[in-house]
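For reference, the structure is listed below as structure tokens.
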Amino acid sequence: MYDLIIIGAGPAGLTAAIYAGRAKLDTLLIAGKTPGGQIYLTYQVENYPGFPDGVTGPELVERMVSQVKRFGAEIILEEATKVDFTSEPYKVYVKDKVFEAYSVIIATGSRNRLLGLESESRLMGRGVFVCATCDAALYEELRVVAVGGGDSALQEALDITKFASEVIIVHRRDTFSAQRYLIEEVENNPKITTMMHHTVEEVLGEDFVTGVRVRNLDTGETHDLQTDGVLIAIGWLPNTELFRSQLELTDQGYITADGVLTSKPGVFVAGDLNDTVYRQLATACGSGCKAALEAERYLGHR
Ligand code: NAP
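This is how it looks when you write it as structure tokens:
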């Protein structure tokens, strides 16, 4: 039996664990196989306060994990497989083990949205990829198509140009929704061209990507484009499946919440899992802090 169980160990879950441990809550952090979430996959973090020269994602995660340990939260490197919030104490299962607590913070993050093509899943890891930081170096002096028109697509297209000889951004609208500075950087990058009002209909290739079939949404015509890689950067989906039968979800699959408060007393949300707007390291840490303070307050009033 714990005071608090935190599910997920990205920056939100880790920050919540630091605050909870420091407040002397008996805390269990169910961290999944590797703590850190998306930030663990980020090569260089340059906009997190306190690191004027930047810091690598893995180093920042390592520092956060040490801080969690210093304040006493227990960490297990496994995934939660089921939750039962029907009565208190709440139950969180890891396979056949069950852990109980009066308060739970859900910080399970989000995953990449995909186009949903059979060829996309068949060639995933064989030329189709979702993380430029992880895979861009594989495309040294090659051509890459980046799909999407938001911050991720443009930021990652720019990252890929450090390696690739050419990046073509394919976007289904006439304009990008990314921040102005990213649009300007893309416009000024000689390695990037844009193909607006086009969609990717098919990823081509037997064992590895050789091209994409794109459709011009003005004319309806399709044509094939040679490419060595396809980055899919079309947004994120919240990891909320585990909670579907226990908490109310919105049409988009987010947990219905008011800030970090869910409709279930003592159950809180933090991080990208429920952030449709900001999705930054600093905001994830901020919401982890808020959730831990709310949990402390809730446990104090029980
Ligand atoms: P996003 O803002 O939701 O953009 C998704 C993009 O993919 C949109 O252009 C969307 O087009 C397109 N798209 C969605 N579904 C598609 C489909 N089925 N086929 C083709 N295109 C599709 O997602 P994001 O770019 O991942 O950004 C998410 C959040 O993270 C944002 O809040 C962003 O500010 C933040 N972020 C910030 C930074 C940064 O500050 N440097 C970097 C990365 C992410 P439509 O407009 O037509 O739907």
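1407 is the number of the first residue of the sequence shown in the numbering used here; add one for each residue after it.
Beta carbons are placed, not taken as given, at the ideal position from N, Cα and C, and that holds for glycine.
Residue i Cβ short of 7 Å to the ligand NAP heavy atom set
i: valine 1551; result: no
i: tyrosine 1454; result: no
i: aspartate 1624; result: no
i: glutamate 1586; result: It is arginine, not glutamate, that sits at residue 1586 in the sequence shown. No; taking the cut-off as 7 Å, the Cβ of arginine 1586 has no heavy atom of the ligand NAP nearer than that.
i: tyrosine 1446; result: no
i: histidine 1577; result: yes
i: threonine 1567; result: no
i: leucine 1589; result: It is worth fixing the name first, because residue 1589 is isoleucine in this sequence and not leucine. False, no ligand heavy atom lies under 7 Å from that Cβ.
i: tyrosine 1704; result: no
i: isoleucine 1640; result: yes
i: aspartate 1664; result: no
Close beta carbons around residue i, own chain, < 6 Å, minus the five adjacent residues each side
i: alanine 1479; result: Ala1423, Gly1427, Thr1433 and Leu1435
i: isoleucine 1481; result: Leu1435 and Ala1437
i: lysine 1488; result: Tyr1499
i: alanine 1429; result: Glu1702
i: serine 1525; result: Glu1608 and Val1609
i: glycine 1617; result: Leu1610, Asp1630, Leu1631, Gln1632 and Thr1633
i: methionine 1602; result: His1577 and Asp1580
i: aspartate 1624; result: His1603
i: lysine 1696; result: Val1666
i: phenylalanine 1582; result: Gly1555 and Ile1589
i: alanine 1584; result: Gly1556, Asp1557 and Leu1560
Residue i to residue j span [Cα, whole Å]
i: arginine 1528; j: valine 1636; result: 13 Å
i: threonine 1605; j: tyrosine 1496; result: 45 Å
i: glutamine 1658; j: isoleucine 1413; result: 21 Å
i: isoleucine 1566; j: serine 1558; result: 12 Å
i: phenylalanine 1491; j: lysine 1670; result: 8 Å
i: alanine 1563; j: isoleucine 1598; result: 8 Å
i: valine 1573; j: tyrosine 1545; result: 10 Å
i: glycine 1672; j: aspartate 1502; result: 24 Å
i: glycine 1641; j: glycine 1556; result: 8 Å
i: threonine 1448; j: isoleucine 1575; result: 21 Å
i: glutamine 1444; j: tyrosine 1684; result: 14 Å
i: threonine 1689; j: threonine 1600; result: 31 Å
i: threonine 1421; j: arginine 1517; result: 20 Å
i: threonine 1668; j: glycine 1460; result: 35 Å
i: glutamate 1484; j: glycine 1419; result: 14 Å
i: methionine 1407; j: glutamate 1468; result: 27 Å
i: tyrosine 1454; j: aspartate 1409; result: 30 Å
i: glutamate 1456; j: alanine 1538; result: At residue 1456 the sequence reads glycine, which differs from the glutamate that was named. So the alpha carbons of these two residues sit roughly 25 Å apart.
Close Cβ partners of residue i (< 8 Å) along its chain, the five nearest in sequence each way excluded
i: valine 1615; result: Leu1529, Arg1532, Gly1533, Val1534, Val1609, Thr1633, Asp1634, Gly1635 and Val1636
i: lysine 1475; result: Ile1481
i: leucine 1655; result: Thr1646, Phe1649, Ile1661 and Thr1662
i: serine 1571; result: Glu1547, Leu1548, Arg1549 and Lys1597
7 Å CB neighbourhood of residue i in its chain, flanking five on each side removed
i: threonine 1682; result: Tyr1660
i: phenylalanine 1477; result: Ile1424, Gly1427 and Arg1428
i: serine 1472; result: none
i: isoleucine 1411; result: Leu1434, Ile1436, Val1498, Phe1505, Ala1507 and Val1510
i: glycine 1515; result: Gly1414, Gly1416, Gly1443, Gln1444, Asn1645, Gly1677, Asp1678 and Leu1679
i: aspartate 1613; result: Arg1532
Sub-8 Å separation of residue i and residue j beta-carbons
i: leucine 1431; j: leucine 1705; result: yes
i: proline 1417; j: cysteine 1691; result: yes
i: phenylalanine 1569; j: alanine 1543; result: yes
i: leucine 1687; j: valine 1451; result: yes
i: isoleucine 1511; j: alanine 1663; result: no
i: alanine 1415; j: alanine 1676; result: no
i: leucine 1560; j: leucine 1588; result: yes
Where residue i falls: helix, strand or coil (DSSP)
i: phenylalanine 1535; result: strand
i: threonine 1689; result: helix
i: valine 1551; result: strand
i: phenylalanine 1491; result: coil
i: phenylalanine 1614; result: coil
i: proline 1644; result: strand
i: glutamine 1658; result: coil
i: arginine 1428; result: helix
i: glutamate 1607; result: strand
i: aspartate 1624; result: coil
i: serine 1527; result: helix
Any non-hydrogen atom of the ligand PLP closer than 7 Å to residue i Cβ
i: serine 1527; result: This structure lacks the ligand PLP; its bound ligands are the ligand NAP.
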